[in-house]
Amino acid sequence: MFNLSSGELHEKQTIHTASEIYQQPEVWHETIKMIEREQGRLRGFVKSIFAKHESVRVILTGAGTSAFAGNTLVTELNRQYQGKIKFEAIATTDIVSNPESYLFKDVPTIMVSYARSGNSPESVASVALGEQIIDEFYQVVITCNEEGQLAQNIQSDDNSITLLMPKKSNDKSLAMTSSFSSMVLASFALFSEQPLSENKVNQSIQNTSVLLDSITDRIEDILTFPFERVIYLGSGLLSELSREGALKMLELTAGRVMAMHESSLGFRHGPKSVINKKSVAVLFMSEDPYTRKYDMDILRELAADDSGMKVIALTEKSDDTVAALADWVITVNPEGEDFENDMYLALQYIAFAQTFAMKKSLHVGLSPDNPSPDGVINRVVKGVTIYPFET
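Numbering (the numbering used here), first residue to last: 289 to 679.
Spelled out as structure tokens, the structure:
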């Protein structure tokens with residue numbers, strides 16, 4: 289697995305991280321089968337709320353990687369619903385500190401909570417604030433842990449449902465990998481206005497399996513370049529996905545690699561100053577013909593940069609122009625049917641970013657399963673005090 293023997297995976301303390309990245313195609317298959325089995329209950333619950341109210345807010349929330357699940361989805365869901373339902377991605381860390389800025393008494397609201405453990409204090413507090421402030425409040429808890437507080441707290445609540453991910457997705461590693469991607473896929477299947485394409489989901493699963501079996505040599509070649517900074521770029525939902533790509537690198541290298549994210553267009557407006565001779569830009573390229581023009585423009589600009597930086601471009605299909613401009617090209621769907629929707633690409637792109645971060649963590653001498661042994665960051669956040677809120 290990833291050019292590491294079983295002994296090396298244990299010795300280098302990367303057995304959990306590597307296994308959890310590698311298992312994603314299997315976990316996604318289980319996730320989709322679970323959604324199919326419970327489709328009537330799950331989609332029926334959501335649609336009944338939409339039908340009951342003239343206007344509904346759907347808040348996609350979580351903390352850290354769990355928040356980025358909502359960020360990644362919100363653009364696509366709003367595109368589908370065209371304003372009929374308003375989807376918003378708001379982190380629990382924002383809701384808890386400023387509840388009156390985000391929760392409105394007279395607006396019917398579904399709070400969709402993403403949670404690996406379901407025990408993060410901000411996640412539990414956000415739900416409590418929603419119940420306290422909003423008159424008509426509903427919950428969808430998407431979690432990897434049926435014993436977590438979020439799942440336990442709603443067992444007898446008729447206005448709430450739990451969407452439990454496959455057991456394997458409850459990642460043991462510090463960094464969330466299969467938990468993130470399975471929750472994204474599950475909520476995309478739940479809230480998508482039209483049923484997902486079975487062919488495209490299966491193609492995405494198959495492509496990712498091939499990618500994870502073949503990408504290690506390419507990544508090890510990239511690691512011969514001594515980079516200290518990584519910039520993840522993308523447009524639309526892939527710009528939001530870039531948040532998670534950057535966070536994985538930052539977490540798994542314990543900050544030894546400075547990682548940031550930006551949109552392809554936004555990068556020029558100040559963030560581009562991060563570039564130096566020890567920088568790598570990772571570009572998540574869209575397959576939307578219009579959007580891709582802007583990704584191509586920033587790729588050309590980065591390729592022409594004389595700082596000595598390098599560029600990795602991820603793209604769906606082989607593209608001679610991209611190959612001529614980027615230092616490394618990762619093609620994720622070279623032979624399958626065109627996806628025509630960047631959500632399907634997102635699952636494959638993030639699998640690369642996770643693997644890249646894990647291998648860089650090993651490269652700088654860390655243990656990916658616990659890259660922060662001094663406790664700077666933890667699997668479930670510590671040190672948070674939740675204060676009473678009075679309306």
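Even glycine gets a Cβ: it sits at the ideal position worked out from N, Cα and C.
Looking at C-beta atoms only, is the number of pairs between the segment 336–346 and the segment 365–381 that lie closer than 8 angstroms three or more?
Yes: the two stretches touch, three or more of their Cβ pairs being nearer than 8 angstroms.
Please name the residue, chosen from Glu419, Thr465, Glu528, Ser307, that lies closest to Lys536 on a Cα-to-Cα basis.
Of the candidates Glu419, Thr465, Glu528, Ser307, the one whose C-alpha sits nearest the C-alpha of Lys536 is Thr465.
Taking 6 angstroms as the cut-off, does the CB of Val518 come closer than this to any heavy atom belonging to the ligand FMN?
Looking at this structure, you won't find the ligand FMN or any other ligand, since it has none at all.
List, from N- to C-terminal side, the alpha helix (DSSP H) runs of 4 residues or more that fit wholly inside the segment 377–419.
If we require 4 residues or more, the alpha helix (DSSP H) runs fully inside the segment 377–419 come out as 380–385, 387–390.
The beta strand (DSSP E) with Glu550 in it runs from where to where?
Unbroken beta strand (DSSP E) run through Glu550: 546–551.
Curious, which full-length beta strand (DSSP E) runs of at least 3 residues does the segment 558–626 contain?
Complete beta strand (DSSP E) runs here, min 3: 567–572, 598–603, 616–619.
Give the DSSP-derived three-state secondary structure of Val362 in the structure shown.
It is helical.
Please work out which residues of its chain come closer than 6 angstroms, Cβ to Cβ, to Phe513, disregarding the five sequence neighbours upstream and downstream, and give them in chain order.
Contacts found: Lys598.
Name the DSSP beta bridge partners of Ser425, please?
Here the sequence assigns Phe to residue 425, which means Ser is not the residue at that position. The partner list for Phe425 (beta bridge, DSSP) reads Thr397.
Could you pull the start and end residues of the beta strand (DSSP E) that Thr319 belongs to?
From DSSP, Thr319 is part of no beta strand (DSSP E) but of the alpha helix (DSSP H) over 312–325.
Determine the closest residue to Arg404 out of Arg331, His341, Val669, Ile674, with distance taken between C-alpha atoms.
Among Arg331, His341, Val669, Ile674, the Cα nearest to that of Arg404 belongs to Val669.
Suppose the cutoff is 7 angstroms on Cβ atoms and the five residues either side in sequence are ignored; what does the same chain contact list for Arg531 look like?
Only Phe356, Asn359, His549 meet the Cβ criterion.
To the nearest angstrom, how far is the alpha carbon of Ser552 from that of Ser294?
If I take the Cα positions, the gap works out to 39 angstroms.
Assuming Leu484 contacts Ala474 under a Cβ cut-off of 8 angstroms, what Cβ separation, rounded to an integer in Å, is found between them?
About 11 angstroms separates the two Cβ atoms, so there is no contact after all.
What's the C-alpha gap between Tyr390 and Thr397?
Distance between the alpha carbons of Tyr390 and Thr397: 11 angstroms.
In whole angstroms, what separates the C-alpha of Trp616 from that of Glu508?
Roughly 12 angstroms between the two C-alpha positions.
Nearest CA to the CA of Ser640: which residue from Met631, Thr619, Val652, Gly554?
Before going further, note that residue 640 is Phe rather than Ser in the sequence given. Measuring from the Cα of Phe640, the nearest candidate turns out to be Thr619.
For the alpha helix (DSSP H) that Arg345 lies in, which residues bound it at each end?
Note, Arg345: premise wrong, no alpha helix (DSSP H); beta strand (DSSP E) at 345–349.
Using CA atoms only, rank isn't needed, just tell me which of Gln368, Gly352, His304, Met322 is closest to Met631.
Out of Gln368, Gly352, His304, Met322, Gln368 has the C-alpha closest to the C-alpha of Met631.
Across the segment 577–584 and the segment 540–548, are there enough close Cβ pairs to call them in contact, namely three or more that are closer than 8 angstroms?
In short, these stretches do not touch, since the Cβ pair count stays below three.
Indicate the three-state DSSP secondary structure (helix, strand or coil) for Phe356 in the structure shown.
In this structure, Phe356 counts as helix in the three-state DSSP scheme.
If you reduce the DSSP assignment to three classes, tell me which class Val334 lands in.
Three-state DSSP puts Val334 in a helix.
Using only alpha-carbon positions, find the residue among Glu435, Ala416, Ala591, Asp583 that is nearest to Tyr675.
For Tyr675, the nearest C-alpha among the options comes from Ala416.
Is the segment 437–447 close to the segment 313–322, with three or more CB pairs under 8 angstroms?
The answer is no - the segment 313–322 does not touch the segment 437–447, with fewer than three Cβ pairs under 8 angstroms.
Considering only their Cβ atoms, is the gap separating Gln642 from Ile309 smaller than 7 angstroms?
Yes, they are a contact pair.
Within 10 angstroms of its Cβ, does Val610 collect 16 or more other Cβ (buried), or is it exposed?
Buried, since its Cβ has 16 or more Cβ neighbours within 10 Å.
Which term fits Phe468, buried or exposed, when burial requires 16 or more other beta carbons within 10 angstroms of its beta carbon?
Buried: at least 16 other Cβ atoms inside 10 Å.
Ends of the alpha helix (DSSP H) at Gly533?
First-last of the alpha helix (DSSP H) with Gly533: 525–540.
Going by DSSP in three states, Leu438 sits in which element: helix, strand or coil?
Reduced to three states, the DSSP call for Leu438 is helix.
Looking only at its chain, what residues have a beta carbon closer than 6 angstroms to the beta carbon of Asn458, apart from the 5 residues adjacent to it on each side?
Closer than 6 angstroms at the Cβ level, and outside the excluded window around Asn458, lie Cys432, Asn433.
Looking only at C-alpha atoms, which of Arg588, Glu625, Leu297 sits nearest to Lys605?
The option with the nearest alpha carbon to Lys605 is Glu625.
What separation, rounded to the nearest whole angstrom, lies between the Cα atoms of Gln427 and Lys565?
Between Gln427 and Lys565, the C-alpha separation is close to 48 angstroms.
I need the boundaries of the beta strand (DSSP E) containing Thr450, first residue and last residue.
First-last of the beta strand (DSSP E) with Thr450: 448–452.
Measuring alpha carbon to alpha carbon, tell me which residue in Met646, Thr450, Gly558 is nearest Ile303.
Selected option, being the one with the closest Cα: Met646.
Could you name the residues of the same chain whose beta carbon sits closer than 7 angstroms to that of Arg544, not counting the 5 residues immediately before and after it, in chain order?
Val652.
In its own chain, which residues sit with a C-beta less than 6 angstroms from the C-beta of Ile383, not counting the 5 before and 5 after it?
Closer than 6 angstroms at the Cβ level, and outside the excluded window around Ile383, lie Tyr390, Ser414.
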